[in-house]
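Residue numbers (UniProt numbering): 1 to 136. C-beta: ideal position from N, C-alpha, C; glycine also. A quick note: this is a predicted structure, and the numbers were derived from the prediction, not measured.
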Amino acid sequence: MILKENELDLDTYLKLRQEVGWKKLSNEQAQCAINNSLITVVAYDNHKPVGMGRIVGDGAVICYIQDLIVIPSYQKKGVGRMIIDRLVKFAKDIKFQDTEIMLDLMCAKGREEFYKKCGFTARPNEKLGPGMIMYL
1 MILKENELDL DTYLKLRQEV GWKKLSNEQA QCAINNSLIT VVAYDNHKPV GMGRIVGDGA
61 VICYIQDLIV IPSYQKKGVG RMIIDRLVKF AKDIKFQDTE IMLDLMCAKG REEFYKKCGF
121 TARPNEKLGP GMIMYL
């Protein structure tokens with residue numbers, strides 16, 4: 001498995017979204033999403049894209065993990081964790097010294113345990129409303 005950063009192209013993005021049954025985007029909308037990402041990570045197995053994830057946000061106070069996708073035949077094989085780990089490392093690397101950056105995400109129903117294993121905190125809780133967050 002190879003991870004490549006910032007090489008996500010329009011065709012790969014749209015095909016991966018389609019493989020997991022996500023809403024169809026226009027080419028213009030999808031390209032804008034790619035262009036406005038702080039980082040994209042694509043997982044390849046024998047040159048075949050099998051997963052991806054990206055971060056959007058301001059890169060200083062808050063970042064969001066967006067579009068974590070692993071095609072069904074590669075799920076539960078560590079691909080998603082590899083992508084998450086690379087995205088978390090990116091967020092840690094860009095944060096300003098002696099500051100905290102929030103790394104948020106909205107996960108699909110039933111995927112909460114996966115993200116908890118990756119270090120995220122489920123919301124709501126005593127302190128926070130709905131969603132998930134990681135302080136780095």
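Sequence-distant residues of its chain with Cβ nearer than 7 Å to residue 21 (five each side left out): Cβ-Cβ distances below 7 Å link residue 21 to nothing in the same chain once the five nearest sequence neighbours on each side are left out.
Strand pairing of residue 57, partner residues [DSSP]: In the DSSP assignment, the residues bridged to residue 57 are 63.
Presumed contact (8 Å Cβ cut-off) between residue 80 and residue 70, rounded CB distance: Going by Cβ atoms, the distance from residue 80 to residue 70 rounds to 5 Å, so yes, they are a contact pair.
First and last residue of the uninterrupted alpha helix (DSSP H) at residue 115: Here the alpha helix (DSSP H) through residue 115 covers 112-117.
Three-state class that DSSP yields for residue 40 in the structure shown: In the structure shown, residue 40 sits in a strand (DSSP, three-state: E or B).
Integer-rounded CB distance, given that residue 83 should sit under 8 Å from residue 51: Under the criterion of beta carbons closer than 8 Å, residue 51 and residue 83 qualify as touching, at roughly 6 Å.
Bounding residues of the beta strand (DSSP E) (the contiguous stretch that carries residue 101): For residue 101, no beta strand (DSSP E) segment is defined, and its DSSP state is neither H nor E.
Beta-bridge pairing of residue 51 - partner residues as DSSP gives them: Beta-bridge partners assigned by DSSP to residue 51: 43, 70.
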